[in-house]
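Residue numbers (this note's numbering): 78 to 317. Note that beta-carbon positions come from the ideal geometry of N, C-alpha and C, so glycine has one too.
So, in structure tokens, the structure goes:
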């Protein structure tokens with residue numbers, strides 16, 4: 078399992094999707110929008126939003142392509158004739174993808190902190206870690222679920238975009254929802270992406286109550302994603 082973990086990390090480092098969607102785009106968006114919007118509180122607001130976007134793009138969208146590719150190449154079928162149990166392989170790749178996703182988020186955080194000279198305390202960073210790990214692992218497991226219904230890369234792209242984009246826009250990741258319609262504010266309370274944002278922002282604010290509530294909701298997301306991933310897992314391609 079350690080070998081699979083290390084190989085997955087090396088493969089992720091060469092992934093062009095990782096470089097653009099989870100690093101360049103969120104970092105550029107953080108700095109660009111932070112400078113464009115003149116309000117003093119906005120840099121911190123957009124930084125946490127882009128941090129969450131960075132992690133979701135990698136842990137959900139990019140890994141969906143990776144899982145689909147492995148399935149179509151017969152990797153999971155080959156595991157049936159090797160000594161390695163399937164669960165060890167999945168734990169290895171999922172753990173590596175989770176850490177890569179967390180690294181992307183912390184890179185956005187570090188860039189935004191330096192660019193806007195934000196005061197981020199050590200305790201806030203420690204509180205960010207469990208929120209990031211729970212969310213990233215939950216998104217990775219959801220990518221197993223989503224990829225089980227996809228036949229091609231274009232199909233996976235469509236499905237992941239349809240699933241992810243509403244999560245972004247029914248949240249306060251980029252703009253405040255105080256003046257939004259009541260139905261939108263209600264919908265945001267049931268948005269897993271909003272749960273993650275709440276965890277990040279309450280950690281940075283050292284607000285323990287909302288942070289613990291967010292952790293509880295992210296644990297529920299993780300449990301639901303695990304159940305869906307196990308229930309729908311496929312060894313072979315859908316078209317096979």
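Beta-carbon proximity list for residue i, same chain, < 8 Å, skipping 5 on both sides
i	result
residue 95	89, 135, 139, 177 and 181
residue 141	220, 223, 224, 227, 233, 236 and 237
residue 264	247
residue 283	198, 200, 201 and 204
residue 194	none
residue 93	none
Residue environment, residue i, which counts as buried when at least 16 other CB atoms sit within 10 Å
i	result
residue 127	buried
residue 309	exposed
residue 296	exposed
residue 270	buried
residue 161	exposed
residue 164	exposed
residue 115	exposed
residue 317	Reliability fails at residue 317, whose pLDDT of 44 lies under 50, so the model's placement of it is uncertain and the value that follows must be treated cautiously. Label assigned to residue 317: exposed.
residue 266	exposed
residue 91	exposed
residue 191	exposed
residue 260	exposed
residue 143	buried
residue 304	exposed
residue 281	buried
residue 179	buried
Check whether residue i and residue j have beta carbons under 8 Å apart
i	j	result
residue 82	residue 169	yes
residue 274	residue 313	no
residue 306	residue 222	yes
residue 120	residue 209	no
residue 80	residue 173	no
residue 302	residue 218	yes
residue 276	residue 298	no
residue 311	residue 149	no
residue 272	residue 289	no
Cβ shell of residue i (< 7 Å), same chain only, five flanking positions each side left out
i	result
residue 262	254
residue 241	133, 137 and 138
residue 245	130 and 270
residue 278	125
residue 207	292
Close beta carbons around residue i, own chain, < 6 Å, minus the five adjacent residues each side
i	result
residue 145	224, 227 and 233
residue 131	99, 103, 181, 182 and 185
residue 251	126
residue 175	213, 214 and 217
residue 231	none
residue 286	none
residue 171	217
Taking one C-beta from the stretch 225 to 237 and one from the stretch 172 to 186 each time, how about it: are there three or more such pairs within less than 8 Å? no
So does the stretch 193 to 205 actually touch the stretch 143 to 161, counting three or more Cβ pairs closer than 8 Å? no
Would you be able to state if there are at least three C-beta pairs under 8 Å between the stretch 102 to 113 and the stretch 199 to 218? no
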